[in-house]
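A.B. asks:
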Amino acid sequence: MSGPLLARLEDIPSAGEGPFRCSVDGEELGLFRVGEQVIAWRDLCPHEAAQVCRGTIAGTRLESDVGDYRFGRAREILRCPWHGWEFDLRTGHHLASGSGARLRSHPIEVRDGLVFDAAGLAHDRELVITGRHEVAEAVVVLDLSPADDAPLPAWAPGAHIDLELASGRRRQYSLCGDPRDRTSYRIAVLREVAGRGGSAEVHDDGQLGARLLMKRIRNRFPLVGASRYLFIAGGIGITAMLAMARSVSRRRGAAELVYVGRTSDAMPFRDEVAALGFARTIMTDADGRPDLTAMLAATGDETVIYCCGPTEMITQVAAAGERLGRRVVTESFTGPATPAHADDQDGRDFDVVLAGSGQRVTVGATETILEALRREGIGHAASSCEQGWCGSCETRVLEGAPQHRDTVLTDAEREESDRMMICVGRATGDCLTLDL
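full-length UniProt numbering puts the sequence shown at residues 1 to 436.
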């Protein structure tokens with residue numbers, strides 16, 4: 001199942017010649033060719049919401065009034081026609097030193113010469129467990145094939161699928177197989193002793209022949225173009241890195257993979273990692289904890305650093321990257337220890353209005369929006385992690401100011417206040433109107 005058709009590849013101008021302009025649900029987009037890729041950017045400059053996709057493109061760095069550049073190498077640059085802000089067309093990052101602003105991308109699927117909308121692309125495909133392997137301590141690998149034998153949706157390194165288990169629980173799992181294989185998906189699941197039941201259900205009931213429902217396929221952790229990579233994986237976080245590392249290896253790119261685990265028995269895919277040729281493993285019980293700051297300090301400005309693993313590791317790598325001026329891309333499988341951006345809004349009620357029906361629901365001081373909706377028998381809002389990190393419950397905000405407590409949205413996206421994660425977010429005022 002694909003989303004709406006946005007364009008034919010032949011309609012998109014050549015690299016450097018501007019975008020093909022289109023819209024999705026009233027949201028203006030620009031489809032750009034960047035190298036061999038097609039990338040979709042929202043036509044919205046983070047500086048005063050100007051129509052950035054109408055700007056000019058240059059092949060090298062331009063002079064700018066907005067400050068010194070953090071990067072100096074040649075690239076394709078999109079310049080906002082209204083205020084002169086300049087962005088790396090491949091990554092969306094603002095090119096002024098110290099700026100954290102960036103363009104907002106829109107997910108697309110390119111297939112058979114056509115470009116489709118893939119925003120949270122729903123598939124509802126029944127999958128059958130055709131392979132099961134115990135690969136490490138408390139880690140099981142499942143091979144999932146389509147029940148209807150039709151080709152599975154294409155995916156790129158960094159993608160994950162939303163699975164609905166037999167109990168109705170929905171969980172996200174990184175795809176760690178080969179993106180070129182359209183006949184099966186591969187996932188790895190760690191049994192979480194203190195979890196909420198999803199991983200235990202997969203381990204106990206996920207036997208050969210069992211069926212699961214794939215609800216969506218998404219990619220919030222895409223592999224961007226770079227001349228060099230440093231991949232840092234902790235424990236089960238290796239699942240999000242495998243396809244990336246293999247992709248770089250196939251094209252003989254420059255990379256290093258550092259795989260950290262407690263013991264060798266607790267580290268899945270050790271043989272696959274060793275076969276890459278640019279990986280090293282660190283077992284903390286024997287080797288001690290790695291100096292993550294030193295790892296990042298040894299990289300150059302051209303290196304993009306990816307990190308996936310425990311929250312503590314991600315926090316350390318992100319902090320070191322900020323201090324050293326390195327570009328760090330992270331993904332977490334757990335929520336923050338405390339709600340992100342929490343403040344004194346706890347302790348009071350507020351109302352939520354559902355735009356579709358006009359129904360008003362009061363959210364109590366100690367409950368979430370999602371819990372309040374369930375209390376009222378409103379169960380159509382999607383959810384999974386319920387900790388603010390997976391993005392399943394992202395909901396458009398039509399009126400009111402949300403208080404963000406998730407780890408999905410960037411600071412720039414929070415400032416727009418046009419969407420929120422209703423599993424953790426609250427209201428800064430007395431009422432929110434949501435697109436539900």
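Backbone N, C-alpha and C define an ideal beta-carbon position, used for all residues, glycine too.
So Thr-433 and Glu-399 are supposed to be a Cβ contact under 8 angstroms. How far apart are they, rounded?
C.D. replies: The Cβ separation is near 4 angstroms, so the contact holds.
A.B. asks: Helix, strand or coil for Leu-296? Go by DSSP, reduced to three states.
C.D. replies: Here Leu-296 sits in helix by DSSP.
A.B. asks: Using only CA atoms, which one of Ala-240, Gly-325, Arg-262, Cys-22 lies nearest to Phe-116?
C.D. replies: Looking at the Cα atoms, Cys-22 is the closest of the given residues.
A.B. asks: Can you name, in chain order, every residue of its own chain whose Cβ lies under 6 angstroms from the Cβ of Arg-186, other than the five neighbours on each side?
C.D. replies: Asp-143, Cys-176, Gly-177.
A.B. asks: Contact between the region 361-374 and the region 415-428 is defined here as three or more beta-carbon pairs at a separation below 8 angstroms; is this criterion met?
C.D. replies: At 8 angstroms Cβ cutoff, the stretches touch.
A.B. asks: Would you be able to state if there are at least three C-beta pairs under 8 angstroms between the region 229-236 and the region 250-264?
C.D. replies: Touching, yes, given that three or more Cβ pairs across the two stretches are closer than 8 angstroms.
A.B. asks: Over the uninterrupted alpha helix (DSSP H) stretch that includes Ile-314, give me the two end residues.
C.D. replies: From DSSP, the alpha helix (DSSP H) with Ile-314 extends over 311-324.
A.B. asks: Using a 10 Å radius around the Cβ and a threshold of 16 neighbouring Cβ atoms, would you call Asp-204 buried or exposed?
C.D. replies: Per the 10 Å Cβ criterion, exposed.
A.B. asks: For Arg-405, does the count of other Cβ atoms within 10 angstroms reach 16, so buried, or fall short, so exposed?
C.D. replies: It counts as buried.
A.B. asks: State buried or exposed for His-93, treating a residue as buried only when at least 16 other CB atoms are found within 10 Å of its CB.
C.D. replies: Per the 10 Å Cβ criterion, buried.
A.B. asks: Quick one: complete alpha helix (DSSP H) runs, 4+ long, within the region 177-205?
C.D. replies: The region 177-205 contains these whole alpha helix (DSSP H) runs: 198-205.
A.B. asks: If I follow the unbroken alpha helix (DSSP H) through Met-252, where does it start and stop?
C.D. replies: With the sequence shown as reference, residue 252 is identified as Arg, and Met is not the correct amino acid for it. From DSSP, Arg-252 is part of no alpha helix (DSSP H); its letter is neither H nor E.
A.B. asks: In this structure, how does DSSP classify Ile-422 when only helix, strand and coil are distinguished?
C.D. replies: Coil, per DSSP.
A.B. asks: Looking only at DSSP bridge pairs, what is Gln-403 linked to?
C.D. replies: Gln-403 pairs with Arg-426.
A.B. asks: Going by C-alpha to C-alpha distance, which of Pro-4, Leu-190, Glu-134 sits closest to Glu-109?
C.D. replies: Ranking Pro-4, Leu-190, Glu-134 by Cα distance to Glu-109 puts Pro-4 first.
A.B. asks: Could you give the distance in angstroms between the alpha-carbon of Arg-42 and the alpha-carbon of Arg-216?
C.D. replies: Taking the straight line from one Cα to the other gives about 22 angstroms.
A.B. asks: Would Arg-132 and Leu-208 be called neighbours here (beta carbons separated by less than 8 angstroms)?
C.D. replies: Yes. Within cutoff.
A.B. asks: Given Gly-377, which residues of its chain have a CB within under 7 angstroms of its CB, disregarding the five upstream and five downstream residues?
C.D. replies: Result list for Gly-377: empty, nothing under 7 angstroms.
A.B. asks: For Gly-277, which residues from the same chain have a beta carbon less than 8 angstroms from its beta carbon, with the 5 sequence-adjacent residues on both sides left out?
C.D. replies: Ser-249, listed in sequence order.
A.B. asks: How is the beta strand (DSSP E) around Leu-163 delimited, first residue to last?
C.D. replies: First-last of the beta strand (DSSP E) with Leu-163: 160-164.
A.B. asks: Would you call the region 181-199 in contact with the region 134-154, where contact means no fewer than 3 C-beta pairs closer than 8 angstroms?
C.D. replies: Enough Cβ pairs lie closer than 8 angstroms, so yes.
A.B. asks: Is Val-38 closer than 8 angstroms to Leu-31 when the C-beta atoms are compared?
C.D. replies: Yes, Cβ-Cβ distance for Leu-31 and Val-38 is below 8 angstroms.
A.B. asks: For Thr-410, does the count of other Cβ atoms within 10 angstroms reach 16, so buried, or fall short, so exposed?
C.D. replies: Counting Cβ neighbours within 10 Å, Thr-410 comes out exposed, since fewer than 16 surround it.
A.B. asks: Using the Cβ count rule (16 or more neighbours within 10 Å means buried), how would you classify Ala-294?
C.D. replies: Exposed, since its Cβ has fewer than 16 Cβ neighbours within 10 Å.
A.B. asks: Compare the C-alpha of Gly-197 against each of Leu-223, Ala-210, Arg-220, Ser-167 and name the closest.
C.D. replies: Answer by Cα proximity: Ser-167.
A.B. asks: Spell out the partners DSSP gives Glu-394 in its beta bridges.
C.D. replies: Looking at the DSSP assignment, Glu-394 forms a beta bridge with Met-421.
A.B. asks: Within this structure, are the beta carbons of Gly-206 and Ile-129 separated by less than 8 angstroms?
C.D. replies: It is a contact, given that the beta carbons lie within the stated cut-off.
A.B. asks: Around the C-beta of Gly-358, are 16 or more other C-beta atoms found within 10 angstroms, so that it is buried, or is it exposed?
C.D. replies: Per the 10 Å Cβ criterion, exposed.
A.B. asks: Among Arg-374, Cys-423, Arg-375, Glu-415, which one has its Cα closest to the Cα of Thr-395?
C.D. replies: Taking only the C-alpha atoms, the option nearest Thr-395 is Cys-423.
A.B. asks: Could you spell out the range, first to last residue, of the alpha helix (DSSP H) harbouring Ala-101?
C.D. replies: Careful: Ala-101 lies outside any alpha helix (DSSP H) and carries neither H nor E.
A.B. asks: In this structure, how does DSSP classify Ser-23 when only helix, strand and coil are distinguished?
C.D. replies: Here Ser-23 sits in strand by DSSP.
A.B. asks: With burial defined as no fewer than 16 other Cβ atoms inside 10 Å of the residue's Cβ, what is the status of Ala-40: buried or exposed?
C.D. replies: Classification for Ala-40: buried.
A.B. asks: Please name the residue, chosen from Gly-225, Pro-268, Arg-262, that lies closest to Ala-240 on a Cα-to-Cα basis.
C.D. replies: Answer by Cα proximity: Pro-268.
A.B. asks: State yes or no: is the C-beta of Thr-263 within less than 8 angstroms of the C-beta of Met-283?
C.D. replies: Yes, the pair counts as a contact, with Cβ atoms nearer than the cut-off.
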